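*Asks:* Count along the sequence shown starting at 1, add 289, and that's the number in my numbering. Positions of the beta carbon are idealized from the N, C-alpha and C atoms, including for glycine. Remember, predicted model here, so these are calculated numbers, not experimental data.
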Amino acid sequence: MEELSAAAPPRSAAGRFAQAALAALLTLVSLAYSVGLTRAAGLVLFPEQFLAGIYGVCLALLFISFPARRGTARAEIPWHDWLFAAAGFAVGLYVAVTFPRLTAQAGTVTFELLFLAAVLALLTLEGTRRTSGYSLIVITFVLVVWVLIGHLVPGQLQTHRVEAKTLAIYLSFDNNGLLGLVLEIACTIVVAFVLMGQLLARSGGSGFFNDFALGLMGRYRGGAAKISVVASSLFGSISGIAAASALAVGVVTIPLMKKSGIPARLAAAIEACAANGAQLMPPVMGAVAFVMADFLQVPYREVALAALLPSLLYYAALFIQCDLETARYGIGRVDRSEIPGMGPVLRTGWIFLAPFAAIVGAMFWMNWEPEPAAALASAIIIVLGLAIGYRGARMKLADIWSAIIETGIGVCEIVVISAIGGYVLGLFQIGGLSFALTAYLVNLGAENLLLLLVICA
């Protein structure tokens, strides 16, 4: 997924080894914790212990994989990145091991807690800058200032007085801050589903979805663009990650669209919009859907069912727009020689319906949690990929290892964004800002639900 992220693969042997080891550790430990293998082995942990340890691994992997400047190739990893990686790993491991003692100090301000909080905050902010730029950092700083001076603000937006030291410790060690719900979802559910998507792509799943869409839509006007929409919706429904969908499907559909006469910029825009719908398309959807289910205290299946109609409308609108755009450019059908027969595609591609059915059955009928459902689907993909494969191309053990490595690298960005998201949630909670802002918005909307919806959007 390097093409779609700020990651720059290390060229040195030490860098490649460290990246592979940390990525595998991140993926396998997260999966083991998610499906309960750690508890089965007798290792009982506080959730915060697991999150601190795995976040330390993520920080180390991030500073090895992501250069200080986006898009910069690195022959060697700079010494300061090794230092940042070691600091992140050490602090995460230290907090994980000593968390029972640290949490017993709740309500007190010590140098140890302040030092750990400062290191975690600085590394998180730098990691966020490397992966997603300055926007989230600016938002976080604005909220920090608001919380610290909010008790001086008159009117409805006034908050409780919060000391800077108390704020730092709360954000780093409370389960409403860094080590909270958002980070937990990223380190468990997201890792499980990203691994499943990586395995699906390497077992031939992206090829099957592309062939299926090509056989279904290739005979119609603007078929290449419509193939992109259909293939992305199918792959996105089982991956839930926009970048993974764009990478797996776009590598085929974008050249096909350009070959059919669609301008390069329009082809890229169509694939980007189609891949972005992966976060909306049930049954997997994006990480936000799992956060929403937890906040609303409803089963995930209810969120997924509620999202079904909007996601179908999204893809229907995109499909219609593609038809109109291709008609404007006079784009015809795909060449018949490039359209595969649906019979051979379905005869060899049925194996990719099995993991889809497993996820739907496990989560919607058997009421499984998302993590074991994703693990079951991954196991099915591995077994069928090794035994049968798609169109005779069987999966290899090296493909499984590659999927594990790419999963760890791919989720780094999501994990660090989730970490700073935990900071943001903590900032809303500690001084009563969430209640003050809610009351202000309700009054501003004057009990008009439509106006309130527009304001919140």
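When you compare only the Cα positions, how much space is there between GLY711 and LEU613?
*Replies:* So the two alpha carbons sit approximately 43 Å from each other.
*Asks:* Can you check DSSP and say which residues form a bridge with TYR679?
*Replies:* Paired residue(s): ALA682.
*Asks:* State the DSSP-derived secondary structure class of HIS449, mapped to helix, strand or coil.
*Replies:* Looking at HIS449 - three-state DSSP - the assignment turns out to be coil, as it is neither helix nor strand.
*Asks:* When we look at the beta-carbon of GLU660 and count the other beta-carbons within 10 Å, is it buried (16 or more) or exposed?
*Replies:* Answer is buried; the Cβ neighbour count reaches 16.
*Asks:* Can you list, in chain order, the residues of its chain whose CB lies under 8 Å from that of SER667, leaving out five sequence neighbours each side?
*Replies:* Same-chain partners within the cutoff: ALA481, LEU484, MET485, LEU488 and PRO644.
*Asks:* If you draw a straight line from the alpha carbon of ARG680 to that of VAL592, how long is it in whole angstroms?
*Replies:* Distance between the alpha carbons of ARG680 and VAL592 is about 36 Å.
*Asks:* Distance check for ARG636 and GLY674, CA to CA, integer angstroms please.
*Replies:* Cα to Cα, the separation comes out at about 14 Å.
*Asks:* Leaving out the 5 sequence neighbours to the left and right, which residues in its chain are closer than 7 Å to ALA376 when beta-carbon positions are compared?
*Replies:* The residues are VAL408 and LEU412.
*Asks:* Do VAL519 and ALA502 have their CB atoms nearer than 8 Å?
*Replies:* Going by C-beta atoms, VAL519 is nearer than 8 Å to ALA502.
*Asks:* Hey, could you find the ends of the alpha helix (DSSP H) TRP368 is sitting in?
*Replies:* Start and end: 368-393.
*Asks:* Return the Cβ separation of PHE462 and LEU391 in integer angstroms, given the expectation that the two are a contact with Cβ distance under 8 Å.
*Replies:* Confirmed, Cβ separation roughly 6 Å.
*Asks:* Tell me the DSSP secondary structure of GLN568 in three-state form.
*Replies:* Helix.
*Asks:* With distance defined between alpha-carbon atoms, name the residue in PRO588, LEU315 and ILE706 nearest to TYR423.
*Replies:* For TYR423, the nearest C-alpha among the options comes from ILE706.
*Asks:* At the level of alpha carbons, what is the spacing between PRO633 and GLY699?
*Replies:* Whole-angstrom Cα-Cα distance: 33 Å.
*Asks:* Measuring only the C-alpha atoms, how far is GLU291 from VAL538?
*Replies:* Only weak support exists for where GLU291 lies, its pLDDT of 39 falling under 50; the coordinates are left without a value.
*Asks:* Verify whether the separation of the beta carbon atoms of SER319 and ILE343 is less than 8 Å.
*Replies:* Cβ atoms of SER319 and ILE343: closer than 8 Å.
*Asks:* With DSSP as the reference, label LEU613 as helix, strand or coil.
*Replies:* The answer is helix: DSSP assigns LEU613 an H, G or I state.
*Asks:* Work out the CA separation of ALA708 and ARG275 for me, nearest whole Å.
*Replies:* The structure shown has nothing for residue 275, since the chain only spans 290 to 746.
*Asks:* Determine the extent of the alpha helix (DSSP H) in which ILE530 is found, giving its start and end residues.
*Replies:* Here ILE530 belongs to no alpha helix (DSSP H), and DSSP marks it neither H nor E.
*Asks:* Where does GLN338 fall in DSSP's three states?
*Replies:* Of the three classes helix, strand and coil, the one that applies to GLN338 here is helix, per DSSP.
*Asks:* Looking only at its chain, what residues have a beta carbon closer than 7 Å to the beta carbon of TYR459, apart from the 5 residues adjacent to it on each side?
*Replies:* Once the five neighbours on either side are set aside, the close Cβ partners of TYR459 are GLY466, GLY715 and ILE719.
*Asks:* Taking buried to mean at least 16 other C-beta atoms within 10 Å of its own C-beta, is SER522 buried or exposed?
*Replies:* Looking at its Cβ environment, which holds 16 or more other Cβ atoms inside 10 Å, SER522 is buried.
*Asks:* Measuring straight from C-alpha to C-alpha, what distance separates LEU738 and PRO599?
*Replies:* Using only the alpha carbons, I get a separation of about 20 Å.
*Asks:* Closer than 7 Å to a non-hydrogen atom of the ligand GTP - does that hold for the CB of LEU437?
*Replies:* Ligands are entirely absent from the displayed structure, and the ligand GTP is therefore not among its contents.
*Asks:* By the DSSP assignment, the alpha helix (DSSP H) with GLU415 in it spans what residues?
*Replies:* 400-421 is the extent of the alpha helix (DSSP H) around GLU415.
*Asks:* With a threshold of 8 Å between beta-carbons, can SER492 be considered close to chain D, or not?
*Replies:* Protein chain content of the structure displayed is limited to a single chain, and chain D is not contained in it.
*Asks:* In whole angstroms, what is the alpha-carbon distance linking ALA561 and ALA533?
*Replies:* Between ALA561 and ALA533, the C-alpha separation is close to 11 Å.
*Asks:* Measure the beta-carbon distance from SER323 to THR477 and round it to whole angstroms, keeping in mind my assumption that it falls under 8 Å.
*Replies:* Yes, they are in contact, since the Cβ atoms of SER323 and THR477 sit about 4 Å apart, within 8 Å.
*Asks:* Since I believe LEU351 is in contact with CYS701 (beta carbons under 8 Å), could you give me their beta-carbon distance rounded to a whole number of angstroms?
*Replies:* Sure, about 5 Å apart at Cβ, within 8 Å.
*Asks:* For LEU293, collect the residues of the same chain with a Cβ closer than 8 Å to its Cβ; drop the 5 residues on either side in sequence, then sort them by chain order.
*Replies:* Any reading at LEU293 must be qualified, since the residue scores a pLDDT of 43, below 50, and its modelled position is unreliable; no value is offered.
*Asks:* Can you give the Cα-Cα distance for ALA596 and GLU365, rounded to whole angstroms?
*Replies:* ALA596 and GLU365: Cα-Cα distance of roughly 46 Å.
*Asks:* Using the Cα positions of LEU348 and HIS369, report the straight-line distance between them to the nearest angstrom.
*Replies:* In a straight line, the C-alpha of LEU348 is about 13 Å away from that of HIS369.
*Asks:* Out of curiosity, what's the CA-to-CA distance linking TRP435 and PHE355?
*Replies:* About 31 Å.
*Asks:* Tell me the rounded alpha-carbon separation between VAL386 and LEU468.
*Replies:* About 14 Å.
*Asks:* State yes or no: is the C-beta of GLY697 within less than 8 Å of the C-beta of LEU340?
*Replies:* No; because the gap between Cβ atoms is not below 8 Å, this pair is not in contact.
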